[in-house]
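Numbering (our numbering), first residue to last: 17 to 466.
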């Protein structure tokens, strides 16, 4: 972003485009009040007071609105901010946006409002990233976890670790610079401090796996040969007739995907029945290849077979394809007499269901949730992203170097170098040390109005 652009007054639509009750246009910058007063027919705008009136273009009334004025620094961005709350029609909000552009603002870039909030020290970088997580959260659970970071949970822990490292570094520097007045800290003291800091960093890093799962979700594929009830189970989980169900083999020709909120974002995949033979047409063959790839990419597979029929060669081939991946074995058609099969797996772990009657569906769903949500509350105490995780790992590496050096009584001025590097890594998390390239990358993932 051009440096001069950062001081211009910006504007954008802050609500989703579409038909709705309310639309919001946000303006931020030193010309915000000037622009608002030019297009607003109501009384003078008083910061902290809601104003009612009309947005006008000359003599033409555009919409009846509420205007919320905020004076710097008491605003989201830390600048003068005007929020215009209008009716939510597509053309209404676009007309008002165009008026603000014509009156002296420029269109905001992605995430520019939050970037200005960060640059104006209204929030640190971890909180700014939490805003993006909150907006893009696919589940209620992840939205709650993201709100914790927005409230400063991660920032506070990082600041706590930084404070401990900085205090230790200060004692080392004092001992080096003023040897006649201040004694260098004992190596046993340094070892204890470094071990404690590493323990605190490891608490955050222990949440990496659960953070990734909560953010990205998991893929659950339903696999099996044709006509075992995969699409029926898919529909049961969705509680809607999403997939076409018939008794004709090969009805599902493509891979169907839908998202579910089961505390974790679950991408449920209904695969085409996997089979071989001359009766398989070209289109179905392509669908089968997609199914095999979906099975390969899935985090969890629901292997499904028809318990009322013989477990045959096709069933076995599919079982061999996925048996070494994380899976749940599902025996469908429990409402019918069970065929006495010789199965290649232990039947005690099989979940018996009937997609027709609904028997066993809740138990199966519970088992899926237990697997995908297999982490404790301690493992979700902190939510991190890949950038933050890399910073923490780099900090940890520097602290390990310092710890190893302290154990062999290395010169303390050499140890201080590792501590300074560790602090820089933590400063990257909160944004005290950051490059324009990283900043642009972070905020490019935001929507325009945020």
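The C-beta atom is built at its ideal place from N, Cα and C for all residues, glycine as well. This structure is a prediction, so every number in the text was calculated from the model and none was measured.
Self-check item: For residue 275, three-class secondary structure by DSSP
Solution: strand
Exercise. Grab the span of the alpha helix (DSSP H) containing residue 484 for me, first residue to last.
Key: Any question about residue 484 goes unanswered here, given that the chain covers just 17 to 466.
Quiz item: From residue 324 to residue 385, what distance separates their C-alpha atoms?
Solution: 27 Å
Exercise. Drop a sphere of 10 angstroms on the beta-carbon of residue 165, count the other beta-carbons inside from all chains shown, and report buried for 16 or more, exposed for fewer.
Key: buried
Quiz item: Who are the near neighbours of residue 101 in its chain, counting only those whose CB is closer than 8 Å to its CB and skipping five residues on each side?
Solution: Contacts found: 38, 39, 40, 81, 82, 83 and 84.
Exercise. Using three-state DSSP, classify residue 155 as helix, strand or coil.
Key: coil
Quiz item: Mapping DSSP to helix, strand and coil, what is residue 372?
Solution: coil
Practice problem: Would you mind reading off the limits of the alpha helix (DSSP H) that contains residue 405? | Solution: 402 to 423
Practice problem: Note down the Cα distance separating residue 437 from residue 134, rounded to an integer number of angstroms. | Solution: 23 Å
Practice problem: Identify which residue in 370, 358 and 361 has its Cα closest to the Cα of residue 352. | Solution: Ranked by how close their Cα comes to the Cα of residue 352, the residues 370, 358 and 361 have 370 in first place.
Quiz item: In chain order, what residues of the same chain have a beta carbon less than 6 Å from the beta carbon of residue 314, not counting five sequence neighbours either side?
Solution: Contacts found: 235 and 237.
Quiz prompt | C-alpha gap between residue 68 and residue 170, whole angstroms | solution = 40 Å
Quiz prompt | Residues of its chain near residue 209, where Cβ-Cβ distance is below 7 Å and the 5 sequence neighbours each way are ignored | solution = Beyond the five residues adjoining it in sequence on each side, residue 209 comes within less than 7 Å, by CB distance, of 180 and 184 in the same chain, given in chain order.
Quiz item: Taking Cβ to Cβ, would you say residue 115 is nearer than 7 Å to residue 33?
Solution: no
Quiz item: Beta carbon of residue 273, beta carbon of residue 287: below 7 Å?
Solution: No, Cβ-Cβ distance for residue 273 and residue 287 is not below 7 Å.
Self-check item: Boundaries (first-last residue) of the alpha helix (DSSP H) holding residue 249
Solution: 246 to 254
Quiz item: Considering residue 68, what are the terminal residues of the beta strand (DSSP E) in which it resides?
Solution: 67 to 73
Quiz item: Hey, how far is the Cα of residue 176 from the Cα of residue 229?
Solution: 26 Å
Quiz item: Leaving out five residues before and five after residue 264 in sequence, what residues of the same chain have Cβ atoms less than 6 Å from its Cβ?
Solution: For residue 264, the predicted structure reports a pLDDT of 40, less than 50, and the residue's modelled location is therefore unreliable. A value from the coordinates is still provided. Closer than 6 Å at the Cβ level, and outside the excluded window around residue 264, lies no residue.
Quiz item: residue 111 to residue 122, Cα distance in whole Å?
Solution: Linking residue 111 to residue 122 through their CA atoms gives a straight-line distance of about 15 Å.
Practice problem: Work out the CA separation of residue 338 and residue 227 for me, nearest whole Å. | Solution: 26 Å
Quiz item: Buried or exposed: where does residue 280 fall if 16 or more other Cβ atoms within 10 Å of its Cβ makes it buried?
Solution: When all chains shown are included, residue 280 counts as buried.
Quiz item: So residue 140 and residue 447 are in contact, right, with Cβ under 8 Å, and what is the actual spacing, rounded?
Solution: With a Cβ gap of about 5 Å, residue 140 and residue 447 count as contacting.
Self-check item: Beta-carbon proximity check, residue 109 vs residue 44, cutoff 7 Å
Solution: no
Quiz item: Going straight from the alpha carbon of residue 406 to that of residue 442, what length do you get?
Solution: Rounded to whole angstroms, residue 406 to residue 442 spans 10 Å at the Cα level.
Practice problem: Would you mind reading off the limits of the alpha helix (DSSP H) that contains residue 330? | Solution: 329 to 338
Quiz prompt | Backbone CA spacing between residue 433 and residue 392 [nearest angstrom] | solution = 37 Å
Practice problem: Return the chain-ordered list of same chain residues with a C-beta closer than 7 Å to the C-beta of residue 172, the five sequence neighbours on each side being excluded. | Solution: none
Quiz prompt | CB of residue 244 within 7 Å of CB of residue 348, strictly | solution = Yes, Cβ-Cβ distance for residue 244 and residue 348 is below 7 Å.
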